[in-house]
Amino acid sequence: MEIVVSQFLANPFEALGLEWQSIVLHLFNLVVLTVGLYLLLFRPVKRMIKERQEKIKKIEKENSELNAEVKTMKESTEVVLSEAKKEAAVIHENAIKVANSKADEIVAEARKQAKTLLERTELEMEEEHRQLRSDIEKQISDVSMAVAEKVLDRNIRPEDDKKLIEECLERWSKE
Amino acid sequence: MNKDKENTAVVVLARKADEETAQKIAAFVQSRGYTKIRYEIDRRIIGGLIVYMGDEIYDGSVRGRLEQIRQSV
Numbered sequence: 368m369e370i371v372v373s374q375f376l377a378n379p380f381e382a383l384g385l386e387w388q389s390i391v392l393h394l395f396n397l398v399v400l401t402v403g404l405y406l407l408l409f410r411p412v413k414r415m416i417k418e419r420q421e422k423i424k425k426i427e428k429e430n431s432e433l434n435a436e437v438k439t440m441k442e443s444t445e446v447v448l449s450e451a452k453k454e455a456a457v458i459h460e461n462a463i464k465v466a467n468s469k470a471d472e473i474v475a476e477a478r479k480q481a482k483t484l485l486e487r488t489e490l491e492m493e494e495e496h497r498q499l500r501s502d503i504e505k506q507i508s509d510v511s512m513a514v515a516e517k518v519l520d521r522n523i524r525p526e527d528d529k530k531l532i533e534e535c536l537e538r539w540s541k542e
Numbered sequence: 662m663n664k665d666k667e668n669t670a671v672v673v674l675a676r677k678a679d680e681e682t683a684q685k686i687a688a689f690v691q692s693r694g695y696t697k698i699r700y701e702i703d704r705r706i707i708g709g710l711i712v713y714m715g716d717e718i719y720d721g722s723v724r725g726r727l728e729q730i731r732q733s734v
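Residue numbers (this note's numbering), protein chains in the order written: chain R, 368 to 542; chain C, 662 to 734.
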């Protein structure tokens with residue numbers, strides 16, 4: 368046992384059945400492999416990952432900007448909408464005022480026309496009444512005159528007639 | 662002829678006048694410058710007389726007075 372250990376310590380490679388050239392070659396191989404893997408695989412992948420990360424960042428940034436823009440547009444839209452609503456309310460109120468005013472005018476005009484019509488009708492009725500009264504008075508007058516004529520014609524005596532003639536002649540003579 | 666017509670007064674009576682009345686009528690007509698009288702009887706005047714002398718008309722008839730009353734009413 369002590370011999371094995373001393374032999375191992377004197378020449379460990381030979382003790383393990385290995386040759387140092389082979390190990391060096393293997394190490395060299397490993398280095399070459401490592402370098403090769405780094406250059407052909409690791410670095411491109413890393414670059415790809417980096418590019419991807421940058422792309423993602425860029426997209427995130429654009430998203431963020433778009434969100435901000437959308438928010439701004441939304442706010443301005445709300446402002447415009449609010450102002451439009453106010454304007455619509457004002458227009459609506461004015462329209463109601465105009466409509467009410469127009470309605471008042473129409474009602475006033477209708478009342479005026481009704482009043483005029485009423486006055487005209489009253490005047491016409493008054494005139495008709497006056498005409499009717501005049502016609503009745505004329506008829507009464509005519510009938511009265513006719514009756515008077517009949518009565519006088521029947522009742523006037525020759526002496527009354529003579530007296531009447533003499534009175535007329537006397538009156539005319541004085542003129 | 663025309664001159665005759667111009668001097669003729671037309672007197673309308675309801676009935677024939679007696680002598681006295683005719684004389685009074687003649688006197689009145691003569692006072693107005695008319696020498697002739699033509700009498701006409703018209704019952705429609707009811708009573709009194711109407712005298713036509715040229716353009717002048719003297720209406721003293723009952724009908725004339727009734728007509729005046731009718732006009733005033």
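C-beta: ideal position from N, C-alpha, C; glycine also.
Minimum Cβ-Cβ distance from residue i to chain R less than 8 Å
i, result
"Thr-669 of chain C", "no"
"Thr-696 of chain C", "no"
"Gly-721 of chain C", "yes"
"Ile-718 of chain C", "no"
"Val-734 of chain C", "yes"
"Arg-699 of chain C", "no"
"Ala-675 of chain C", "yes"
"Asp-703 of chain C", "no"
"Gly-725 of chain C", "no"
"Gly-715 of chain C", "no"
"Met-662 of chain C", "Confidence is the limiting factor: at Met-662 of chain C the pLDDT is only 43, short of 50, which leaves the residue's position unreliable and the question unanswerable from this model."
Residue burial classification, residue i (beta-carbon count within 10 angstroms, cutoff 16)
i, result
"Ala-670 of chain C", "buried"
"Thr-488 of chain R", "exposed"
"Leu-383 of chain R", "exposed"
"Tyr-405 of chain R", "exposed"
"Ser-501 of chain R", "exposed"
"Val-474 of chain R", "exposed"
"Met-492 of chain R", "exposed"
"Gly-403 of chain R", "exposed"
"Thr-682 of chain C", "buried"
"Asp-471 of chain R", "exposed"
"Ile-672 of chain C", "The sequence given here places Val at residue 672 of chain C; Ile does not occur at that position. With 16 or more Cβ atoms within 10 Å of its Cβ, Val-672 of chain C is classed as buried."
"Asp-528 of chain R", "buried"
"Val-723 of chain C", "buried"
"Gly-715 of chain C", "exposed"
"Gly-694 of chain C", "exposed"
"Ala-466 of chain R", "exposed"
Test: residue i CB closer than 8 Å to a CB of chain C
i, result
"Ala-515 of chain R", "yes"
"Lys-529 of chain R", "yes"
"Glu-533 of chain R", "yes"
"Leu-485 of chain R", "no"
"Ser-501 of chain R", "no"
"Ile-523 of chain R", "yes"
"Ser-468 of chain R", "no"
"Asp-471 of chain R", "no"
"Leu-536 of chain R", "yes"
"Leu-519 of chain R", "yes"
"Met-492 of chain R", "no"
Whole-Å CB distance - residue i paired with residue j, under 8 Å assumed
i, j, result
"Val-712 of chain C", "Val-690 of chain C", "7 Å"
"Leu-536 of chain R", "Ile-686 of chain C", "7 Å"
"Ala-675 of chain C", "Arg-704 of chain C", "6 Å"
"Ser-508 of chain R", "Ser-692 of chain C", "So it is not a contact: roughly 37 Å between Cβ atoms."
**Asked** Are the region 718 to 729 of chain C and the region 511 to 527 of chain R touching by the rule of at least three beta carbon pairs closer than 8 Å?
**Response** Segments in contact, yes.
**Message:** I want to know whether the region 517 to 532 of chain R touches the region 688 to 708 of chain C - three or more CB-CB distances under 8 Å.
**Reply:** With a cut-off of 8 Å on Cβ pairs, the region 517 to 532 of chain R is in contact with the region 688 to 708 of chain C, counting three or more such pairs.
**Prompt:** Taking the runs of the alpha helix (DSSP H) that are 4 residues or longer, which of them lie wholly in the region 426 to 477 of chain R?
**Reply:** Positions of the alpha helix (DSSP H) runs, each at least 4 residues long and wholly inside the region 426 to 477 of chain R, cannot be given because no such run exists.
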